[in-house]
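The structure appears below as structure tokens.
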Amino acid sequence: MSTQKADLIQERTERTKWFLNERFGMFIHWGLYAIPARGEWIRSNENISVEDYQKYFDEFDPVDYNPREWAKAAKKAGMKYVVLTAKHHEGFCLFDSKLTEYKSTNTKAGRDLVSEFLEAFRAEGLKVGLYYSIIDWYHEDYPAYGDKFHPMKNNENFKRDPQNFGRYVDYMHGQIRELLTNYGKLDIMWFDFSYDTMRGEKWRATELMEMMRELQPHIVIDNRLEGSSEGGGTMYTNDPTTYAGDFASPEQIIPPGGIVAHDGTPLPWEACVTLNNNWGYAAADHYYKKPATIIRKLVECVSKNGNMLLNVGPDAKGNIPKESLDILSEVGDWMSRNGSSIYGCGASELPKPEWGRYTQRGNKLYAHVFEESIGPINLAGLAGKLRTARLLSDGSELILSRPWNTAEFVNDAYVNFTRQDSLSFPLPDPRNT
Ligand code: JFZ
């Protein structure tokens with residue numbers, strides 16, 4: 001490996017250290033699309049023109065917007081960082097950009113929603129990030145006719161001179177400069193997303209990354225200037241270009257073996273996940289996941305060295321749906337008792353057990369029992385290696401045993417435990433054995 005490659009990977013490892021320790025964050029999708037309440041892709045899905053979409057801009061008035069409430073909910077859920085859509089594909093800016101009139105300060109809201117958001121979450125001690133859509137369905141220099149995602153993809157009146165695309169890219173770079181200059185320290189930048197030929201240098205990604213690293217060298221950046229949810233790109237060949245990004249961003253999926261480069265080295269990754277079936281507020285979508293499902297999926301991410309970014313979609317008034325808040329609060333109850341099996345933890349060196357998953361931090365092994373069992377739980381290969389077993393939530397002792405002394409199972413320990421819960425085991429320090 002060339003030293004330059006090794007340096008890039010080393011820098012990425014340094015930058016993502018905090019990120020991979022914190023493991024659990026909140027994603028917030030919010031924009032004008034909260035008004036029609038059929039998800040954030042409504043303009044494209046229903047081929048709505050800019051003129052017809054204008055009514056939502058005129059109407060936008062989030063009277064209940066109080067990001068301190070959002071921040072409290074995130075903190076109580078055990079989340080350690082947050083990412084808000086400063087601009088989604090619709091092009092509407094939640095911040096006071098000097099480069100557009102299509103922004104929250106020009107609506108009835110009359111406020112820079114991003115700056116209030118950042119202040120509120122920082123006050124709760126969370127790390128803060130912004131999502132910025134490199135796709136833009138509002139800007140007149142963004143290709144419309146023929147672009148497979150654009151609301152006007154079928155409208156010949158929206159044929160545009162490809163020469164003008166450079167003006168859009170200037171605009172996009174200008175807005176990133178504003179965000180990284182006027183809003184204090186940002187911890188994460190979450191770009192979304194590249195597709196077909198719209199990737200990498202099409203966005204002048206090297207130049208953009210160089211500017212960002214100059215303005216905020218520590219900022220952790222996703223991989224979507226080059227890719228999208230499917231991953232791919234130079235991150236995977238362990239041959240990071242300047243714009244490869246710091247982490248992979250699988251969407252609505254937890255990869256079976258975590259995410260590793262083609263040569264097998266682990267890559268930083270974060271699964272983004274919705275609570276129901278939409279990112280943006282969708283009034284009719286009540287298909288929410290169970291809190292236990294969210295907890296198990298978070299454990300699964302950590303057991304594969306990944307993070308989870310769990311989404312909420314506030315409504316047009318600025319309220320996170322009650323169904324979402326209820327789930328977050330149950331997840332938070334679990335996190336307050338079992339968070340030590342998540343924060344700073346990662347994959348165990350042990351294989352996945354039959355009854356659930358392991359996470360591990362140093363020599364501390366956490367057993368997440370997902371299945372009800374009829375008797376002691378088998379801890380394959382751990383006979384003689386465990387001194388104590390504890391229930392993580394209250395610290396109570398559990399009895400370790402070796403009920404079968406047959407040759408076949410002689411290396412297995414057992415713990416007397418039949419509920420579904422998380423246990424902790426201090427493993428012998430391998431340095432002492
Ligand atoms: C993107 C956004 O489109 C979506 O609205 C949300 O913000 C999510 C987190 O990210 O989702 C994608 C990304 C890639 C594709 C489709 C949706 N794709 O490649 O077709």
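Using the UniProt record's numbering, the first residue of the sequence shown is number 1, and each one after it goes up by one. Cβ coordinates follow ideal geometry from the N, Cα and C atoms, glycine included.
Sub-7 Å separation of residue i and residue j beta-carbons
i, j, result
"Ala271", "Ile254", "yes"
"Ile320", "Val331", "no"
"Leu267", "Ala248", "yes"
"Trp65", "Gly318", "The question names Trp, but residue 65 is Tyr in the sequence shown. Yes, the Cβ-Cβ distance between Tyr65 and Gly318 is below 7 Å."
"Asn411", "Pro376", "no"
"Asp141", "Phe121", "no"
"Met79", "Phe27", "no"
"Leu246", "Arg15", "Before going further, note that residue 246 is Asp rather than Leu in the sequence given. Cβ atoms of Asp246 and Arg15: closer than 7 Å."
"Tyr102", "Gly91", "yes"
"Lys108", "Asp170", "no"
"Glu116", "Pro67", "yes"
"residue 477", "Ser229", "The first residue shown for the chain is 1 and the last is 433, placing residue 477 beyond what the model contains."
"Lys75", "Glu119", "no"
"Ser49", "His89", "no"
"Lys364", "Pro314", "no"
"Asn305", "Ala347", "yes"
"His29", "Thr85", "yes"
"Glu59", "Ile35", "yes"
"Gln175", "Ser97", "yes"
"Ala413", "Leu391", "no"
"Leu8", "Pro240", "yes"
"Gly39", "Asn276", "no"
"Met189", "Ile221", "yes"
"Val299", "His368", "yes"
"Ala389", "Leu398", "yes"
Collapsed DSSP secondary structure at residue i in the structure displayed
i, result
"Met235", "coil"
"Asn277", "coil"
"Tyr287", "coil"
"Lys127", "strand"
"Asn161", "It should be noted that the sequence gives Asp, not Asn, for residue 161. Asp161 falls in the coil class under three-state DSSP."
"Leu392", "coil"
"Lys364", "strand"
"Ile42", "helix"
"Tyr33", "helix"
"Trp18", "helix"
"Lys87", "strand"
"Tyr132", "strand"
"Tyr65", "coil"
"Leu310", "strand"
"Val387", "Position check: residue 387 holds Arg in this sequence, whereas Val was assumed. Three-state result, Arg387: coil."
"Leu8", "helix"
"Asn416", "coil"
"Asn106", "helix"
"Ser229", "coil"
"Met26", "strand"
"Leu94", "coil"
"Ser373", "coil"
"Glu400", "Checking the sequence, you will find Leu at residue 400 rather than Glu. Of the three classes helix, strand and coil, the one that applies to Leu400 here is strand, per DSSP."
"Leu379", "strand"
"residue 434", "This structure cannot settle anything about residue 434, because the visible part of the chain is limited to 1 through 433."
"Trp269", "strand"
"Asp246", "coil"
"Thr13", "helix"
"Ser2", "coil"
"Arg357", "strand"
"Ala282", "strand"
"Ser119", "For the sequence presented, residue 119 should be read as Glu rather than Ser. Note: Glu119 maps to helix in three-state DSSP."
Cβ distance (whole Å) where residue i is taken to contact residue j below 8 Å
i, j, result
"Asn338", "Ser422", "5 Å"
"His262", "Tyr287", "About 36 Å separates the two Cβ atoms, so there is no contact after all."
"Tyr33", "Val83", "At roughly 17 Å, the Cβ-Cβ gap does not stay under 8 Å, so Tyr33 and Val83 are not in contact."
"Ile294", "Ile327", "6 Å"
"Gly371", "Gly356", "It is Glu, not Gly, that sits at residue 371 in the sequence shown. Glu371 to Gly356, Cβ: 6 Å. Contact."
"Phe95", "Ile135", "The pair is not a contact, with the Cβ atoms about 18 Å apart (cut-off 8 Å)."
"Thr265", "Val302", "Going by Cβ atoms, the distance from Thr265 to Val302 rounds to 19 Å, so no, they are not a contact pair."
"Tyr168", "Glu156", "In fact, because the Cβ distance is near 20 Å, the residues do not count as touching under 8 Å."
"Thr242", "Thr206", "5 Å"
"Gly183", "Val114", "Here residue 183 is Tyr; the residue named in the question, Gly, does not match the sequence. The pair is a contact, with the Cβ atoms about 7 Å apart (cut-off 8 Å)."
"Ile219", "Met212", "6 Å"
Short CB-CB distance (under 7 Å) between residue i and chain D
i, result
"Asn319", "Here there is only one protein chain, and chain D is not present."
4-residue-minimum alpha helix (DSSP H) runs that sit fully inside the stretch 152-209, ordered along the chain: Whole alpha helix (DSSP H) segments, 4+ residues: 165-182.
Counting only runs of 3+ residues fully inside the stretch 293-350, write out the beta strand (DSSP E) ranges in chain order. 306-312, all fully within the stretch 293-350.
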